[in-house]
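Just so we're aligned: the sequence shown equals residues 12 to 492 in the numbering used here.
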Amino acid sequence: MRIAVCASEGAPYAKSGGLGDVMEALPAALARIEGNEVALFLPYYNKIKQSEKYPVELVAQFRVGLGWRQQYAGLMKLTNRNDGVQVYFIDNEYYFGGRTGAIYGDLDDGERYAFFSRACLDAMAIIGYIPDVIQCNDWQTALIPTYLKSVYRNLFPNTRCMYTIHNIEYQGWAGGSFFDDVLGLPWEYRGTLDMGGSVNMMKGAIETADLVTTVSETYARELMYPYYAHGLDGILSSAAWKLTGITNGIDTNTFNPETDAALPAHFNAETFSVGKAECKAALQKEVGLPVDPDVPLMVMVTRLAGHKGLDLLCYIARRLLWEEKCQLLILGTGEPQYETFFKDLAAEYPNQCAAKITFNLGLAARIYAGGDVYLMPSKSEPCGLSQMNAMRYGTIPVVHATGGLKDTVPPCDENGEGGLGFTFQSYNADDFLASIKRCLNLYNNNREAFNALVKKDMSQDFSWNVPAGRYMELFHRMLSM
Ligand code: GLC
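Okay, structure coming up:
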């Protein structure tokens, strides 16, 4: 099958979050399936352009129509990837060069990704890569199914399109005038993209894609409710027949405690009692916490954003540090009120708390490996990847049972049996605290059972093999539609 994957980010070239990780691993997993041909289209951000690690060759130059504009696009083919995925970058200095260095956050993001979405289709047509299926992701490439059904129908008469929602909070809103000014779509699609007089790109994709997926089974069900759907529950309920949840995997080659170059020691499910202990001591030292093998080290690697459940942690943090002999380590950047909170907490409890307000992938890996307990109280979580990274590195998750957290962390009882981690059901700080305490209690009073759980978590298969097969099933279903 000939597959095109389009996304606004993909590791290792450009990544701001989980979407970038998925766009590294999913295309590769699809390419490993016999008979598949996979191309990945990404914007040619300045950072990629400047990196010597990514040699490219210019394969086409063309103009992309955006309303009354005609914008230059260069198609760059990456020449040094050898896992069967052909990567193409869409080059345009004005939209993806210079800028702030961050991937998103410019005031014309809507126009930037409208350009990218059209340019992907133009590029495929120009090089004669006519895919059987296009898989596109989140609001940034949400215009692709609508363009495909309309302006590009003749060029791609048999191509089917799957749209995947990684996070419904960001929908690609624009003013009503964006439709004429930038999109240049036939007028009959105005209603498809309309929400309350504005343009909503994600809504358009849900309506025009052949199938819609999201990144866990529970999240697919949750999206039927206003609490989770951020205004799109009605649209998704009407499209429920074409919505499926496929729980993400993680890249088990990149995230491998036996080989991860960022770690001071290596280990697996058999040898963790030595290797993981070394990682813990080194981590405590690195972040300035007292080196103590027997104090439970609770860790979190996260964007400091409200929906990650930080309000719950803030509410209980002082009580937790006061009542329990434990350490807390946070890595991440984000909303100023949380950055300040955790910096203050670390200053107040220097022997128990450390806050690293930065984005550091190496330290993140050392935290997954060196921690004992991984906290993830997200208010909502489409899938979440770091709880799987944590388990793979032998760190026990304590999570809010929502979205992908519910699907990947079945709950244990107080003896650490029956599941993979500790969970709480309602979004409530006292319930969160109680689940942390159940976990710490097991660590402090029954280390044998705790270690058995570590071993069990490390032995799970979180690879992309199973989910990639499910994507294929849906691709086949689209082709028979
Ligand atoms: C988004 C979601 C996260 C998911 C990731 C990859 O970042 O918030 O839950 O794991 O996309 O699909």
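Beta carbons are placed, not taken as given, at the ideal position from N, Cα and C, and that holds for glycine.
Beta-carbon proximity list for residue i, same chain, < 7 Å, skipping 5 on both sides
i: Lys417; result: Thr229
i: Cys450; result: Val384, Ile407, Val409 and Phe433
i: Lys336; result: Val306
i: Gly46; result: Met12
Unbroken alpha helix (DSSP H) run spanning residue i, endpoints
i: Leu229; result: Residue identity differs from the one stated: residue 229 is Thr in this sequence, not Leu. Run containing Thr229: Glu228 to Glu233, per the alpha helix (DSSP H) assignment.
i: Ile14; result: Unbroken run through Ile14 is the beta strand (DSSP E), Arg13 to Cys17; no alpha helix (DSSP H).
i: Asn476; result: Asn476 to Leu490
i: Val298; result: Phe283 to Val298
i: Val410; result: No alpha helix (DSSP H) holds Val410; the beta strand (DSSP E) holding it covers Ile407 to His411.
i: Arg129; result: Asp120 to Ile138
i: Asn452; result: Ala440 to Asn456
i: Glu392; result: Looking at the DSSP string, Glu392 is not in any alpha helix (DSSP H), and its letter there is neither H nor E.
i: Phe353; result: Pro347 to Glu359
i: Val33; result: Gly29 to Ala42
i: Arg403; result: Ser397 to Arg403
i: Ala498; result: Here the chain comprises residues numbered 12 to 492, so residue 498 is not present and cannot be evaluated.
Heavy atom of the ligand ADP within 6 Å of residue i beta-carbon
i: Arg481; result: Ligands displayed in this structure: the ligand GLC; the ligand ADP is not among them.
Contact check, residue i vs residue j, beta carbons under 7 Å
i: Ala22; j: Gly31; result: yes
i: Val312; j: Ile246; result: no
i: Thr224; j: Lys160; result: no
i: Ala328; j: Leu294; result: no
i: Ile138; j: Ala71; result: yes
i: Asn93; j: Pro66; result: no
i: Leu518; j: Ala380; result: Here the chain comprises residues numbered 12 to 492, so residue 518 is not present and cannot be evaluated.
i: Leu485; j: Leu222; result: yes
i: Leu323; j: Pro388; result: yes
i: Ala231; j: Gly256; result: yes
i: Pro268; j: Ala288; result: no
i: Ser397; j: His318; result: no
i: Thr170; j: Pro197; result: no
Beta-carbon proximity list for residue i, same chain, < 8 Å, skipping 5 on both sides
i: Ala136; result: Tyr163, Leu166 and Phe167
i: Ser248; result: Met235
i: Ala460; result: Asn426, Gly427, Glu428 and Leu453
i: Thr344; result: Arg314, Leu315, Glu350, Ile368, Thr369 and Phe370
i: Ala251; result: Met235
i: Gly186; result: Ser209 and Val210
i: Asn57; result: Phe107, Gly108, Gly109, Arg110 and Gly112
Closer than 7 Å to chain C by CB, residue i
i: Lys60; result: The displayed structure is made up of one protein chain only, and chain C is not part of it.
Same chain only: Cβ atoms within 6 Å of residue i, ignoring 5 sequence neighbours per side
i: Ala292; result: Val302
i: Gln97; result: Ala50
i: Gln338; result: Leu300, Val306, Leu308 and Gln363
i: Ala412; result: Thr434 and Gln436
i: Tyr181; result: Trp150
i: Asp102; result: Tyr55, Gly85 and Met87
i: Glu48; result: Arg13
i: Thr263; result: Ser474
i: Gly286; result: Ala276, His277 and Phe278
i: Ala401; result: Tyr379, Tyr385 and Pro408
i: Arg481; result: Ile257
i: Lys253; result: Leu222 and Val223
i: Ala440; result: Leu323, Tyr326 and Ile327
i: Gly395; result: Gly415 and Leu416
Terminal residues of the beta strand (DSSP E) in which residue i lies
i: Ile101; result: Val96 to Asp102
i: Gln82; result: Arg80 to Leu89
i: Leu321; result: Where Leu321 is concerned, there is no enclosing beta strand (DSSP E), although the alpha helix (DSSP H) it sits in stretches over Leu321 to Glu334.
i: Lys367; result: Cys364 to Lys367
i: Cys172; result: Arg171 to Ile176
i: Tyr385; result: Val384 to Met387
i: Ser209; result: Ser209 to Asn211
i: Leu53; result: Glu48 to Pro54
i: Ile145; result: Val144 to Asn148
i: Thr499; result: Nothing about residue 499 can be read from this structure; the chain reaches only from 12 to 492.
i: Leu340; result: Gln338 to Leu342
i: Thr225; result: Leu222 to Thr225
i: Thr157; result: Run containing Thr157: none in the beta strand (DSSP E); it sits in the alpha helix (DSSP H), Leu154 to Lys160.
Cβ separation of residue i and residue j, assumed to be a contact under 8 Å, to the nearest whole Å
i: Gly384; j: Met309; result: Gly is not the amino acid found at residue 384; the sequence shown has Val there. About 4 Å; that satisfies the 8 Å criterion.
i: Val16; j: Met489; result: With a Cβ gap of about 14 Å, Val16 and Met489 do not count as contacting.
i: Ile407; j: Gly430; result: 10 Å between Cβ atoms; not a contact.
i: Ser284; j: Gly415; result: Incorrect: roughly 29 Å between the Cβ atoms, too far for contact.
i: Leu77; j: Val210; result: Wrong, their Cβ atoms sit about 14 Å apart, outside the cutoff.
i: Gly242; j: Thr157; result: Incorrect: roughly 19 Å between the Cβ atoms, too far for contact.
i: Asn259; j: Val33; result: 6 Å
i: Ala134; j: Tyr174; result: No, Ala134 and Tyr174 are not in contact; Cβ-Cβ is about 19 Å, not under 8 Å.
i: Arg129; j: Tyr106; result: Their Cβ separation, rounded to whole angstroms, is 12 Å, which puts Arg129 and Tyr106 out of contact at 8 Å.
i: Ala376; j: Asp271; result: 5 Å
i: Leu331; j: Ile447; result: 7 Å
Quiz: which residues have CB nearer than 7 Å to the ligand GLC non-hydrogen atoms
That query returns the following residues: Gly28, Gly29, Leu30, Asp32, Val33, His177, Asn178, Val226, Asn259, Glu392, Pro393, Cys394, Gly395, Leu396, Gly414 and Gly415.
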